[in-house]
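See below for the structure under consideration.
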Amino acid sequence: MKRRSKGTGVRLLLAAFAALAPVAYGFFSAEFRGRGTPDGSVVEVLIPDGAASLEVADVLRAQELIFHPRIFDAYVRLKGQGRQLKAGRYEIPRGAPYPYLLEVLRTGAVVTRPLTIPEGLRLPQVAERLAAYVGDSTAAVLAYLAAPERVGELGVPGPTLEGYLFPETYRFADGVGIPVIVQAIVGRYSGFWGAEERAKAAALGLDEREVVTLASIVEKEVRWDEERPVVAGVYWNRLQRDMLLQADPTVQYALGEPRARLLYRDIDSVADHPYNTYTQPGLPPGPIASPGAASLRAALQPADHEYIFFVARNDGSHEFTRTLREHNNAINRIRLDRESAER
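Quick note on numbering: this note's numbering labels position 211 of the sequence shown as 241, and the sequence is numbered without any gaps.
Here it is, written out as structure tokens:
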């Protein structure tokens with residue numbers, strides 16, 4: 031019996047390898063490129079906290095985004111990212127290749143949901159929105175926001191968080207809690223204050239709390255952006271002349287619940303309240319709502335004019351006047367216009 035030479039064995043091994051190589055290449059190439067054909071659809075994937083790369087791969091396999099979990103796990107480890115995959119909810123396009131999957135999971139490009147805080151909301155209204163967003167009770171969220179220690183923790187002038195929850199549309203991932211959300215919202219407020227803004231406040235002789243307080247009154251008074259500096263100028267003129275501000279929104283704040291129409295008896299019912307600017311001099315102790323950037327800028331740069339009165343027209347805009355006589359005439363004219371329109 032002839033003995034097979036070593037050369038023959040090597041040649042057979044090489045031949046077998048050559049025959050299998052295209053198959054192996056096709057297998058791994060298909061796996062690497064991603065499962066299926068991209069069709070524009072996305073798959074929602076939830077990666078749990080603390081999941082190892084093989085566990086992540088199992089989740090991807092269950093959603094039919096990859097063929098073989100162990101191959102993906104090996105790829106992730108080869109890239110040195112075995113401990114870098116982030117938990118969260120993801121939307122991944124069907125047919126995504128390995129490099130895309132790894133990049134999304136490594137960077138934590140999770141699905142986020144928008145949270146909008148409109149201008150002019152009071153603390154209970156913000157609490158209601160936050161509670162709906164995270165699925166908690168309004169009472170629990172409001173208790174967190176209203177806790178006295180929040181002011182110091184978040185570095186705002188106070189006296190509460192009222193006025194410092196900056197109106198904006200934010201985006202957060204599922205599972206983010208109220209403390210993180212509130213930090214981000216207050217952080218956006220703090221970001222408004224640069225060197226220029228602080229210089230303007232100093233030039234007016236106002237501190238940060240006073241600026242936000244004035245801005246919050248402007249926010250509650252004004253519907254049209256172009257009127258914000260004008261209204262801020264009215265209140266600034268009154269402060270300079272030691273006049274009562276007589277701002278209706280401050281009385282509404284003191285009452286606790288808004289009135290469709292503010293009556294003298296409403297004003298009298300909270301005569302001793304520190305936020306009633308019909309009876310208490312100067313600015314109230316703190317903001318009455320969350321002002322937006324436009325109102326903050328108006329408070330920092332009030333329009334230069336002689337107006338000390340204004341009254342709302344039927345379309346929500348205002349008529350500005352310099353004297354009480356002009357003011358009363360404007361009130362009567364607007365009232366007649368309203369009555370005429372209602373006939």
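Ideal Cβ positions, reconstructed from N, Cα and C, are used throughout, including at glycine.
Does DSSP classify glutamate 240 as helix, strand or coil? helix
Can you give me the C-alpha to C-alpha distance between leucine 275 and proline 209, rounded to a whole angstrom? 36 Å
Where DSSP assigns a beta bridge to leucine 145, which residues make up the other side? Tyr200
Hey, out of Phe97, Tyr130, Val141 and Arg100, whose CA is closest to lysine 117's CA? First, the residue type needs correcting, since residue 117 is alanine and not lysine in the sequence shown. Ranking the options by Cα distance to alanine 117, first place goes to Val141.
Quick one: is glutamine 282 buried, meaning 16 or more other Cβ sit within 10 Å of its Cβ, or exposed? buried
Go ahead and pull the three-state DSSP assignment for valine 341. strand
Buried or exposed, going by whether 16 or more other CB atoms sit within 10 Å of the CB of tryptophan 254? exposed
Straight-line Cα distance separating valine 89 from leucine 108: 19 Å
Cβ neighbours of glutamate 336 in the same chain (closer than 8 Å, five flanking residues each side left out): Asn267 and Arg352
Beta bridge counterpart(s) of tyrosine 174 as assigned by DSSP: BP columns for tyrosine 174 are empty, so no partner.
Mind checking alanine 229: buried by the 16 CB within 10 Å criterion, or exposed? exposed
C-beta contact flag for threonine 243 and proline 129 at 8 Å: no
Mapping the DSSP letters down to three states, classify alanine 60 as helix, strand or coil. With a pLDDT of only 46 at alanine 60, under the threshold of 50, the placement of this residue in the model should not be trusted; the figure read from the coordinates follows. Helix at alanine 60.
Tyrosine 305, DSSP secondary structure in three states: coil
Below 8 Å, how does it come out for the segment 296 to 304 and the segment 178 to 188: are there three or more Cβ pairs, yes or no? no
Proximal residues to leucine 354 (C-beta, below 8 Å), its chain only, five neighbours per side dropped: Phe339
Helix, strand or coil: which one does DSSP assign to valine 86? helix
Less than 8 Å between the CB atoms is what I'm expecting for leucine 151 and leucine 175, so what's the real figure, rounded? Going by Cβ atoms, the distance from leucine 151 to leucine 175 rounds to 12 Å, so no, they are not a contact pair.
Relative to the C-alpha of aspartate 278, which candidate in Ala342, Gln331, Gly322 and Pro189 has its C-alpha closest? Ala342
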